[in-house]
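Residue numbers (the working numbering): 1 to 477. For reference, the structure discussed in these notes is given below.
Shown next, in the form of structure tokens:
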């Protein structure tokens, strides 16, 4: 071994293979960035900019041709407007290049955070090999989950979406939570939940875990601050913080019911007063009464149309709802059955996690996070293939746990490996590059990505009883 070329920990690959892997990955990343620049008019990012331009020009962000692409809640207008300003300043191609570069870095950030959450020694991970005692990208603990996810990462980069960036924020939030830094973790999860609605469900998970500090900070630092002020006999300030949190995302409204349940009448009164101020008085003052009502109504209208419409049953949509619509066309059975199955799944997860400690620093919480991240996309009514990048946490956890199974376990382990490889076959081997476009379309019509996700989620659940303390909690950076 020479100083110029270090073989990192946890790899049996020859040096030639290591060089080839780095070359292929860098070529892929660069190729996807350049390919998106050549098709700028047909990528999702251009839709983000169009929504931002509508906001900046005072037009309806849900009107005209934007109705088919803008399913984002009103908070996303700020993100879209920022991207539109960036495109104005440096050109649309320049903005797209920076966006794609950020997406590639977010993929690496997700891998790095998953290593810290699930792999012994994950805190030492670097992209390039630096030491024989440290992990690198080509280490088996990182490379194998990346290969399992390569097709989904490619889908994300191809369509220039925002899902990996949101996933990075969620993983960063829970890493900070485990490091006893709830303020930083809450800010990251709040930003993710404000940009994309699905992570809001993780707030309910925090409540389920009785992680009150993390729950509060997650809601834009505000809910915890509210209850801190409530306990300090400062109901006006507490009500303002809770009202602001509830104005950004609807979930904190449920905490108003908690205040009523506790008969905290002053806190309830101040919170309701600030809710009226933030959700009625302030928007009416800035936007006018008509625009305020129209934006929220249009968002709900567009979302409902997208979910209920026939287009949501397209094979591009790999959600549970879309699968039910394809299996049970007509009759209006799919939607109520979807809600019933989603509720049953949530109850099942709560039952499975019932004996786990509430401490977010416990390693079992990381396993729960891996399961929940995958399950959230399954029950998202509009879950395109690229949305399943959240499975990376489950693949990291399962790979580490599978490698710890005793050798020669026979019946104790073969079926778990069958789930592992079955998931890989569904998610990756169904790609057009492998089976062709027509077969891929047929497989996706048969919900192949959803099936692959369910397999790895089931595998993660089956491996939880064997979970050991991996990795030990380390200090946050």
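Just so you know, even glycine gets a beta-carbon here, dropped at the ideal spot from N, CA and C.
* Roughly how many angstroms lie between the CA atoms of residue 301 and residue 307, to the nearest whole one? -> In the chain shown, counting from the first residue as 1, residue 301 sits at position 301. In the chain shown, counting from the first residue as 1, residue 307 sits at position 307. C-alpha separation (whole angstroms): 10 Å.
* To do: Report yes if the CB atom of residue 107 is closer than 8 Å to the CB atom of residue 164, and no otherwise.
  => As a working mapping, residue 107 is identified with position 107 in the chain shown. As a working mapping, residue 164 is identified with position 164 in the chain shown. Contact check for residue 107 against residue 164 passes: the beta carbons are separated by less than 8 Å.
* Could you give the residue range of the alpha helix (DSSP H) that holds residue 72? -> In the chain shown, the residue the question calls residue 72 occupies position 72. Looking at the DSSP string, residue 72 is not in any alpha helix (DSSP H), and its letter there is neither H nor E.
* Asked: By Cβ distance below 7 Å, which residues in the same chain neighbour residue 61 in space, the five residues on each side in sequence not counted?
  -> Translated into the one-based positions of the chain shown, residue 61 becomes position 61. Excluding positions up to five away in sequence, the list reads 51, 54, 55, 70, 77.
* Report yes or no: do the segment 104 to 119 and the segment 130 to 142 share at least 3 C-beta pairs separated by less than 8 Å? => yes
* Buried or exposed for residue 380, please, with buried defined as at least 16 other CB atoms from any protein chain shown within 10 angstroms of its CB. => For the purposes of this step, residue 380 is taken as the residue at position 380 of the chain shown. Buried.
* Asked: Is the beta carbon of residue 439 less than 8 Å from the beta carbon of residue 385?
  -> Taking the chain shown and counting its residues from 1, the one referred to as residue 439 is at position 439. Taking the chain shown and counting its residues from 1, the one referred to as residue 385 is at position 385. Their beta carbons are not under 8 Å apart, which means residue 439 does not touch residue 385 by this criterion.
* Can at least three beta-carbon pairs, one atom from the segment 12 to 27 and one from the segment 126 to 140, be found at a separation below 8 Å? -> yes
* Asked: Just to confirm, are residue 32 and residue 154 a CB contact at a threshold of 8 Å?
  -> Taking the chain shown and counting its residues from 1, the one referred to as residue 32 is at position 32. Taking the chain shown and counting its residues from 1, the one referred to as residue 154 is at position 154. Yes.
* Assign residue 427 to one of two classes, buried (16 or more other C-beta atoms within 10 Å of its C-beta) or exposed (fewer than that). => Residue 427 sits at position 427 when you count from the first residue of the chain shown. Buried is the call here.
* Pull up the distance between the alpha-carbon of residue 47 and that of residue 93, whole angstroms please. => Counting from one through the chain shown, the residue named residue 47 turns up at place 47. Counting from one through the chain shown, the residue named residue 93 turns up at place 93. Whole-angstrom Cα-Cα distance: 13 Å.
* Asked: Among the residues of its own chain, which have a CB less than 7 Å from the CB of residue 228, if the five just before and after it don't count?
  -> Here the question's residue 228 lines up with position 228 in the chain shown. In this predicted model, residue 228 has a pLDDT of only 49, less than 50, meaning its place in the structure is not dependable; the value taken from the coordinates is given anyway. Contacts found: none.
* Nearest-angstrom Cα separation, counted from residue 149 out to residue 421 -> Your numbering for residue 421 matches position 421 in the chain shown. Your numbering for residue 149 matches position 149 in the chain shown. Roughly 13 Å separates the two Cα atoms.
* Asked: Are the beta-carbon atoms of residue 87 and residue 43 separated by less than 8 Å?
  -> Position 87 of the chain shown, counted from the start, is the residue given in the question as residue 87. Position 43 of the chain shown, counted from the start, is the residue given in the question as residue 43. No, the Cβ-Cβ distance between residue 87 and residue 43 is not below 8 Å.
* **Reduced DSSP category for residue 252 - H, G, I as helix; E, B as strand; rest coil** => In the chain shown, counting from the first residue as 1, residue 252 sits at position 252. In this predicted model, residue 252 has a pLDDT of only 42, less than 50, meaning its place in the structure is not dependable enough to derive any value.
* **Whole runs of the alpha helix (DSSP H) within the segment 26 to 53, excluding any shorter than 4 residues** => none
* Coil, strand or helix - residue 127 by DSSP -> One-based indexing of the chain shown puts residue 127 at position 127. Residue state, collapsed to three classes: coil.
* Per DSSP, residue 317 forms a beta bridge with which residues? -> Counting from one through the chain shown, the residue named residue 317 turns up at place 317. The partner list for residue 317 (beta bridge, DSSP) reads 384.
* Run the CB neighbour count on residue 57, radius 10 Å, all protein chains shown included, and call it buried at 16 or more, exposed below. => Locating residue 57 in the chain shown gives position 57, where the first residue counts as 1. Exposed, because fewer than 16 other Cβ atoms sit within 10 Å of the Cβ of residue 57.
* Write down every uninterrupted run of the alpha helix (DSSP H) in the segment 68 to 150 whose length is 4 residues or greater and which is fully enclosed by it, in chain order. => 76 to 90, 92 to 118
* Residue nearest to residue 433 in terms of C-alpha spacing, selected from 297, 151, 136 -> On the chain shown, position 433 is the one that residue 433 refers to. Per the Cα distances, 151.
* Nearest neighbour of residue 102, chosen from 417, 351, 167, 41 [CA to CA] -> Stepping through the chain shown from its first residue, residue 102 is reached at position 102. Checking every option, the nearest Cα to that of residue 102 belongs to 167.
* Check residue 5 in the structure and name its three-state DSSP category. => Numbered from its first residue, the chain shown carries residue 5 at position 5. Strand.
* Do you know how far the Cα of residue 416 is from the Cα of residue 462? -> On the chain shown, position 462 is the one that residue 462 refers to. On the chain shown, position 416 is the one that residue 416 refers to. Counting only the Cα atoms, residue 416 lies some 8 Å from residue 462.
* Neighbourhood of residue 326 by C-beta distance below 6 Å, restricted to the same chain and skipping five residues each side -> As a working note, residue 326 is residue 326 in the chain shown. 313, listed in sequence order.
* To do: Give the straight-line distance between the Cα atoms of residue 59 and residue 330, rounded to the nearest whole angstrom.
  => For the purposes of this step, residue 59 is taken as the residue at position 59 of the chain shown. For the purposes of this step, residue 330 is taken as the residue at position 330 of the chain shown. Cα-Cα distance, rounded: 36 Å.
* C-alpha distance - residue 34 paired with residue 105, whole-angstrom precision -> Mapped onto the chain shown, residue 34 falls at position 34. Mapped onto the chain shown, residue 105 falls at position 105. Approximately 15 Å, taken between the alpha carbons.
* **Inter-residue spacing [alpha-carbon to alpha-carbon] between residue 64 and residue 110** => Along the chain shown, one-based indexing puts residue 64 at 64. Along the chain shown, one-based indexing puts residue 110 at 110. Rounded to whole angstroms, the gap between the alpha carbons of residue 64 and residue 110 is 36 Å.
* Asked: Between residue 349 and residue 320, which are expected to be in contact by the criterion C-beta below 8 Å, what is the C-beta distance as a whole number of angstroms?
  -> On the chain shown, residue 349 is found 349 positions in, with the first residue counted as 1. On the chain shown, residue 320 is found 320 positions in, with the first residue counted as 1. About 14 Å separates the Cβ atoms of residue 349 and residue 320, ruling out a contact at the 8 Å cut-off.
* **Length of the line joining the Cα atoms of residue 136 and residue 344** => Looking up residue 136 in the chain shown gives position 136. Looking up residue 344 in the chain shown gives position 344. Cα to Cα, the separation comes out at about 40 Å.
* Asked: Which whole-angstrom value describes the C-beta separation of residue 453 and residue 377, a residue pair presumed to lie in contact below a C-beta threshold of 8 Å?
  -> Here residue 453 is taken as the residue at index 453 of the chain shown, counted from 1. Here residue 377 is taken as the residue at index 377 of the chain shown, counted from 1. Going by Cβ atoms, the distance from residue 453 to residue 377 rounds to 7 Å, so yes, they are a contact pair.
* Return the CA-CA distance between residue 509 and residue 294, expressed in angstroms with no decimal places. => Residue 509 lies beyond the stretch modelled for the chain, which goes from 1 to 477, so this question has no answer here.
* Asked: Is DSSP giving residue 436 helix, strand or coil here?
  -> Position 436 of the chain shown, counted from the first residue, corresponds to residue 436. If DSSP states are grouped into helix, strand and coil, residue 436 belongs with coil.
* To do: Go ahead and pull the three-state DSSP assignment for residue 362.
  => Position 362 of the chain shown, counted from the start, is the residue given in the question as residue 362. In this structure, residue 362 counts as coil in the three-state DSSP scheme.
* Nearest-angstrom Cα separation, counted from residue 169 out to residue 41 -> In the chain shown, counting from the first residue as 1, residue 41 sits at position 41. In the chain shown, counting from the first residue as 1, residue 169 sits at position 169. Computed Cα separation, rounded: 28 Å.
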